[in-house]
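*Asks:* Would you mind keeping the following structure in view while I ask a few things?
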Amino acid sequence: MQDSHQRIYAAIAAIPRGRVASYGAIAVRAGLPGRARLVGKLLGKTPADMPLPWHRVLRASGQIALPPGSRGFREQCRLLRAEGIEVHQGRVPLSRFGLDGNLDRQLWGML
DNA sequence: GCTTTGACGTATG
DNA sequence: TCATACGCCAAAG
37 MQDSHQRIYA AIAAIPRGRV ASYGAIAVRA GLPGRARLVG KLLGKTPADM
87 PLPWHRVLRA SGQIALPPGS RGFREQCRLL RAEGIEVHQG RVPLSRFGLD
137 GNLDRQLWGM L
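Set out below in structure tokens:
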């Protein structure tokens with residue numbers, strides 16, 4: 037197991053219940069800025085039976101990354117809603133569920 | 001070893 | 001808000 041993978045898993049596992057984080061944010065927390073794709077790649081290869089809150093990981097836009105209508109897509113929606121997170125048209129309002137809405141600003145040096 | 005691919009992100013128009 | 005372009009890089013072919 038690569039060290040980077042370990043850190044990515046740890047970063048995902050650290051997302052609080054009822055909150056979501058973007059691939060980019062996960063990459064940063066894993067010490068891999070700019071490697072959002074690596075996070076996605078890893079999740080894609082990760083078996084579904086892995087005890088990881090993968091469903092809390094979305095695109096920076098709040099869009100669910102999986103193909104709409106696919107198995108995983110529906111599963112993700114279900115899991116998110118089960119935590120009280122709103123999902124409309126495959127999207128989550130980051131203004132309310134995106135890690136207190138502070139991580140992104142923290143990352144991009146805004147405000 | 002070169003090319004393609006991917007659960008992505010930002011900038012620009 | 002949508003589209004297009006480019007950056008990123010580990011794996012797979």
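Residue numbers (my numbering): 37 to 147.
Just so it is clear, CB atoms sit at the ideal spot from N, CA and C, and this is done for glycine as well.
Values in this document were obtained by computation on a predicted structure and should not be read as measured data.
Beta carbon of residue 123, beta carbon of residue 117: below 8 angstroms?
*Replies:* Against the first sequence, residue 123 aligns to sequence position 87. Against the first sequence, residue 117 aligns to sequence position 81. Yes; because the gap between Cβ atoms is below 8 angstroms, this pair is in contact.
*Asks:* Taking only the alpha-carbon atoms, compute the straight-line gap between residue 142 and residue 47 and give it to the nearest angstrom.
*Replies:* Taking the first residue of the first sequence as position 1, residue 142 is located at position 106. Taking the first residue of the first sequence as position 1, residue 47 is located at position 11. For residue 142, the predicted structure reports a pLDDT of 46, less than 50, and the residue's modelled location is therefore unreliable. The matter cannot be settled from this model.
*Asks:* Report all residues from its chain with a CB closer than 8 angstroms to the CB of residue 109; omit the five preceding and five following residues, and keep chain order.
*Replies:* The residue given as residue 109 occupies position 73 in the first sequence. Closer than 8 angstroms at Cβ, skipping near neighbours: 100, 102, 103 and 126.
*Asks:* Might you give, ordered along the chain, the residues of its own chain that have their beta carbon closer than 7 angstroms to the beta carbon of residue 112, omitting 5 neighbours on each side?
*Replies:* Sequence index remark: in the first sequence, residue 112 carries index 76 (1-based). Contacts found: 91, 100 and 102.
*Asks:* Which residue wins for smallest C-alpha separation from residue 128, given the options 98, 70 and 120?
*Replies:* In the first sequence, residue 128 corresponds to position 92, counting from 1. Checking every option, the nearest Cα to that of residue 128 belongs to 98.
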